[in-house]
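Let me begin by presenting the structure, written as structure tokens, before commenting on it.
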Ligand SMILES: [Zn+2]
Ligand SMILES: [Zn+2]
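Residue numbers (our numbering): 660 to 1007.
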């Protein structure tokens, strides 16, 4: 089979490799659609510990496909079933796993990160993931590409469930990439009446507005706070979400939140750059709640598949181009450079 193998820093090569063998508890999925995420971009740019030419890793944790083969002991999944795969699975027995947070398990593994993922024609889903419910049947009427986007959408949904968005809220999302736009779509679904997106690129904010004209632009820069005060009659935001991996944005977020507001740190910062300066008096005197989230629970993944299928969230406009596995490096460079939103990597 064809697989895109990370072999080191800035090196992904398409190789012909054997189709993975499966054990009696495993499932083999034929990938139909996959997407690049910021995590893949980081591994491409920086390489990955333990990964080299002799020990390559297939990236890709946002993918969906068809079950090609099931192990003899597997129940509940059958050959030919259309499925979307949540990437993170845990030990299954610790307190976090038992509470439904296998994604936070100390022994958690992730397809496309710690084991081979979806940038290949076939991917082995290990028994632990099969038994924990990482494989979800794709609801009727949903394309493989749309289903694959349940992964990033459920990361966004995790932030929503943690920090809360309420009818009538004013929400400001900083960063007009695919994730920032998904935050806006979730906020609108939750009943926020004023949803702003802020970015240094006017063109990216226009792209957000072309997806939903209810999204308003707030130009980033020196006059941002003054302008936001004017737009909100001095009330500022009930919730500020940072959806870009830039420390300065986290520093600004507190000033842009209003009295009794909330701040969600969604985008992580590059390692070594995660210490930022915060005016903690903004938190104290404005009574701000500050939260952070990463990944998603399996419950959130399944719920997002339903939200996409019902069109409660129309995810289709997030897919702005299509290509094949041969274009993987281009897709990564596009994701890095902010070209379009998401390029679907489709397999025949
Ligand atoms: Zn991702
Ligand atoms: Zn665990």
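Ideal Cβ positions, reconstructed from N, Cα and C, are used throughout, including at glycine. All figures in this text were calculated on a predicted structure; none of them were measured in a lab.
Indicate, with yes or no, if ligand 2 has a heavy atom lying under 7 Å from the CB of residue i.
i	result
residue 726	no
residue 788	no
residue 966	no
residue 751	yes
residue 610	The requested residue 610 does not occur in the structure, where the chain is confined to residues 660 to 1007.
residue 755	yes
Between residue i and ligand 1, is there a pair consisting of the residue's CB and a ligand heavy atom that are separated by less than 7 Å?
i	result
residue 837	no
residue 696	yes
residue 811	yes
residue 981	no
residue 805	no
residue 762	no
residue 842	no
residue 993	no
residue 943	no
residue 721	yes
Is the shortest distance between the beta-carbon of residue i and the beta-carbons of chain B less than 8 Å?
i	result
residue 985	Looking at the structure shown, chain B is missing, and only one protein chain is on hand.
Would you mind working out which of the options sits nearest residue i, comparing C-alpha positions?
i	options	result
residue 750	744, 777, 793 and 701	793
residue 992	680, 690 and 699	699
residue 825	924, 896 and 806	896
residue 903	916, 997, 958 and 968	997
residue 697	799, 771 and 756	771
residue 675	805, 660 and 668	660
residue 849	819, 833, 873 and 951	819
residue 683	789, 833 and 733	733
residue 1002	923, 844, 981 and 995	981
residue 941	933, 927, 920 and 957	920
residue 945	708, 918 and 955	918
residue 970	776, 812 and 707	812
residue 680	927, 721, 775 and 715	775
residue 741	725, 731 and 753	725
residue 883	908, 862, 868 and 866	908
residue 957	766, 854, 745 and 670	745
residue 867	847, 854, 840 and 860	840
residue 963	711, 663 and 817	817
residue 852	861, 838, 830 and 842	830
residue 782	893, 891, 721 and 901	721
residue 778	739, 671, 938 and 874	671
residue 955	885, 814 and 892	814
Report the partner residues of residue i according to the DSSP bridge assignment.
i	result
residue 744	722 and 794
residue 1001	978
residue 832	856 and 900
residue 987	Its beta-bridge partners do not exist; DSSP assigns none.
residue 876	856
residue 750	DSSP lists no partner for residue 750.
residue 670	667
residue 961	In the DSSP output, where bridge partners are listed per residue, residue 961 has none listed.
residue 728	687
residue 821	Beta-bridge pairing links residue 821 to no other residue.
Below 7 Å CB to CB, which residues in the same chain sit around residue i once its five sequence neighbours on both sides are set aside?
i	result
residue 985	673
residue 864	835, 856, 858 and 876
residue 999	979, 980 and 993
residue 756	749, 750 and 764
residue 922	899, 912, 913, 916, 947 and 949
residue 706	667 and 668
residue 844	871 and 972
residue 888	895
Got a sec? Which residues, its chain only, sit under 6 Å from residue i by beta carbon, not counting five neighbours each side?
i	result
residue 803	691, 692 and 723
residue 701	none
residue 729	686 and 736
residue 976	870
residue 808	974
residue 846	824, 830 and 854
residue 738	726
residue 926	901, 902, 903 and 904
Taking 7 Å as the line, does the beta carbon of residue i fall inside it for any heavy atom of ligand 4?
i	result
residue 833	No copy of ligand 4 occurs in the structure displayed; its ligands are ligand 1 and ligand 2 alone.
Practice item. May I have a chain-ordered list of the beta strand (DSSP E) segments no shorter than 3 residues that lie completely inside the stretch 759 to 806? Key: If one requires a minimum length of 3 residues, the beta strand (DSSP E) runs lying completely within the stretch 759 to 806 are 781 to 784 and 794 to 796, in chain order.
Practice item. List in chain order: all unbroken alpha helix (DSSP H) runs of 4+ residues lying wholly within the stretch 673 to 725. Key: If you keep only unbroken alpha helix (DSSP H) runs of at least 4 residues inside the stretch 673 to 725, you get 697 to 705.
Practice item. Quick one: which unbroken alpha helix (DSSP H) runs of 4-plus residues sit fully inside the stretch 878 to 957? Chain order, please. Key: DSSP runs (the alpha helix (DSSP H)) wholly in the stretch 878 to 957: 883 to 890, 906 to 915 and 939 to 945.
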